[in-house]
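Participant:
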Amino acid sequence: MIASTSSHIEKIAQAVQSGAAGAQSRIAASWFRSMVKHGLDPGQQSAPEYLSANDIYKRNQALGRVAVIAKPKLDQLFALVGSSGCGVVLTDRQGVIVDHRFEGADMQVFHGWGLGAGADWSEAAQGTNGIGTCLTERREVIIHRDQHFMASNIAMSCIDAPVYGAEGEIVAALDVSSARADQTATMNGMISELVRQAARSIETDNFQDKFSDARVLIVNDPTDGVSLLAANADDIVIGATRAARRAFGLETEGALKPVPLGDLIGQDKTTKGFERAQHAAVKRALVRADGNVSLAARELGVSRATLYRRMKRLGIVG
Numbered sequence: 363m364i365a366s367t368s369s370h371i372e373k374i375a376q377a378v379q380s381g382a383a384g385a386q387s388r389i390a391a392s393w394f395r396s397m398v399k400h401g402l403d404p405g406q407q408s409a410p411e412y413l414s415a416n417d418i419y420k421r422n423q424a425l426g427r428v429a430v431i432a433k434p435k436l437d438q439l440f441a442l443v444g445s446s447g448c449g450v451v452l453t454d455r456q457g458v459i460v461d462h463r464f465e466g467a468d469m470q471v472f473h474g475w476g477l478g479a480g481a482d483w484s485e486a487a488q489g490t491n492g493i494g495t496c497l498t499e500r501r502e503v504i505i506h507r508d509q510h511f512m513a514s515n516i517a518m519s520c521i522d523a524p525v526y527g528a529e530g531e532i533v534a535a536l537d538v539s540s541a542r543a544d545q546t547a548t549m550n551g552m553i554s555e556l557v558r559q560a561a562r563s564i565e566t567d568n569f570q571d572k573f574s575d576a577r578v579l580i581v582n583d584p585t586d587g588v589s590l591l592a593a594n595a596d597d598i599v600i601g602a603t604r605a606a607r608r609a610f611g612l613e614t615e616g617a618l619k620p621v622p623l624g625d626l627i628g629q630d631k632t633t634k635g636f637e638r639a640q641h642a643a644v645k646r647a648l649v650r651a652d653g654n655v656s657l658a659a660r661e662l663g664v665s666r667a668t669l670y671r672r673m674k675r676l677g678i679v680g
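In terms of our numbering, the sequence shown opens at residue 363 and continues consecutively.
1) Beta-carbon within less than 6 Å of Ala-432's beta-carbon, same chain only, minus the 5 sequence neighbours each way: which residues are those?
2) Please give the ranges of any beta strand (DSSP E) in the region 553-591, keeping only runs that are unbroken, at least 3 residues long and fully inside the region.
3) Just grab the DSSP bridge partners of Ile-532 for me.
4) Is the CB-CB distance between His-462 and Val-471 below 8 Å?
5) For Asp-522, does the count of other Cβ atoms within 10 angstroms reach 16, so buried, or fall short, so exposed?
6) Hey, which unbroken runs of the alpha helix (DSSP H) at 4 residues or more fall wholly within the region 394-448?
7) Does the beta-carbon distance from Ser-505 to Thr-498 come in below 8 Å?
8) Can you tell which of Pro-622, Val-621, Lys-674 has its C-alpha closest to the C-alpha of Val-644?
9) Taking only runs of the alpha helix (DSSP H) that begin and end inside the region 588-623, which ones reach a length of at least 4 residues, in chain order?
10) Here's the rule: buried if 16 or more other CB atoms are within 10 angstroms of the residue's CB, otherwise exposed. What is Gln-570?
11) DSSP three-state label for Thr-546, please.
12) Are Leu-591 and Ala-606 close, meaning C-beta to C-beta below 8 Å?
13) What three-state label does DSSP hand Asp-537 in the structure shown?
14) For the alpha helix (DSSP H) that Ile-374 lies in, which residues bound it at each end?
15) In chain order, what residues of the same chain have a beta carbon less than 6 Å from the beta carbon of Phe-573, not counting five sequence neighbours either side?
16) Tell me the DSSP secondary structure of Thr-453 in three-state form.
17) Just how far apart, CA to CA, sit His-473 and Ala-391?
18) Name the two residues that bound the continuous beta strand (DSSP E) containing His-462.
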């Protein structure tokens, strides 16, 4: 049941005025930021505002290859969730929508909610919401209905994951939004996993695109799916995904200080042990997927073509 506008505003005001919003929950901490830091009013009523087509174009250009690589991922994600009344949205790192997928019949509804291209969904503009809070807190989030700050947004459920660039920096947010009255926590959880996988797939393909002339190595990381390292012809590590940077204690963002691959992965002269780890990771994924290469590639966070190349190099018959 959707809370009334007045009760929602009162609930937020009480949480913020309590002086312990951050200690209550992450949502309450976000409400506090929305009201105190950004000076927003949860009862504010205004028509959606959109940036110009030229500005949207410039933001797409700024995203570079990420915007191109993301397009088929948006299509794939929408194919899974679109029929249930959900929309798929991609924003830049400022929270401005640069691309989306909606059913034709739902286009006007989503646009009326302010989810069209050029809309600003940063916390500074909309308060607590899936896109803005995901980018602010640098984590996957589910903002369900009256967890939103603005009373005008409490009919929606928003499920988001950040997208990291090839140098560990946040470059975008991937969002699935729905206003279904029967949207449950279980449904949100299932969609969240799909959003997470799609975001990691964009990261993986973007990383491999950037380091297409390097040797890209898969590191099986149980905490975050898959980490990737890029090494040059001299086996010097020249690139690492966000997860790999965390796993190996490298710089969080930006260019890496050159380091020998053998030093990084604890090998003396060769990468044989690392190759065995890759072999085991791929074999496990194939077993879990009952031999289905597409499903195994999805679990590993790589494209089907990339997995086939990896299998060939590792001597794995599909």
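All C-beta atoms in this analysis are idealised placements derived from N, C-alpha and C, irrespective of residue type, glycine included.
Facilitator: Answer, in terms of the structure:
1) By one-based count along the sequence shown, residue 432 stands at place 70. Leu-452, Ile-564, listed in sequence order.
2) Complete beta strand (DSSP E) runs here, min 3: 577-583.
3) For this step, residue 532 is matched to residue 170 along the sequence shown. BP columns for Ile-532 point to Tyr-526.
4) Looking up residue 462 in the sequence shown gives position 100. Looking up residue 471 in the sequence shown gives position 109. No, Cβ-Cβ distance for His-462 and Val-471 is not below 8 Å.
5) Here residue 522 refers to the residue found at position 160 of the sequence shown. Buried.
6) Taken in chain order, the complete alpha helix (DSSP H) segments of 4 or more residues contained in the region 394-448 are 415-425, 427-443.
7) Residue numbering aside, residue 505 sits at position 143 when the sequence shown is read from its first letter. Residue numbering aside, residue 498 sits at position 136 when the sequence shown is read from its first letter. Note that residue 505 is Ile in the sequence shown here, rather than Ser. No, these two residues do not count as a Cβ contact at 8 Å.
8) For the purposes of this step, residue 644 is taken as the residue at position 282 of the sequence shown. Checked all of Pro-622, Val-621, Lys-674; the closest Cα to Val-644 is Lys-674.
9) Whole alpha helix (DSSP H) segments, 4+ residues: 604-610.
10) Walking along the sequence shown from the start, residue 570 turns up at place 208. Under the 10 Å beta carbon count, Gln-570 is surrounded by 16 or more other beta carbons and is classified as buried.
11) Along the sequence shown, read from residue 1 onward, the residue named residue 546 stands at position 184. Residue state, collapsed to three classes: coil.
12) Here residue 591 refers to the residue found at position 229 when the sequence shown is read from its first residue. Here residue 606 refers to the residue found at position 244 when the sequence shown is read from its first residue. Yes, the Cβ-Cβ distance between Leu-591 and Ala-606 is below 8 Å.
13) Stepping through the sequence shown from its first residue, residue 537 is reached at position 175. The DSSP-derived three-state label of Asp-537 is strand.
14) On the sequence shown, residue 374 is found 12 positions in, with the first residue counted as 1. Taken as a continuous stretch (DSSP letters only), the alpha helix (DSSP H) holding Ile-374 covers 367-379.
15) By one-based count along the sequence shown, residue 573 stands at place 211. For Phe-573, where only same-chain residues beyond five positions count, the Cβ hits under 6 Å are Ala-592, Gly-601.
16) Here residue 453 refers to the residue found at position 91 when the sequence shown is read from its first residue. Shown here, Thr-453 sits in a strand according to DSSP, grouped into three states.
17) On the sequence shown, residue 473 is found 111 positions in, with the first residue counted as 1. On the sequence shown, residue 391 is found 29 positions in, with the first residue counted as 1. For His-473 and Ala-391, the distance between alpha carbons rounds to 29 Å.
18) Numbered from 1 along the sequence shown, position 100 holds the residue referred to as residue 462. Secondary structure note for His-462: its beta strand (DSSP E) is the uninterrupted segment 459-463.
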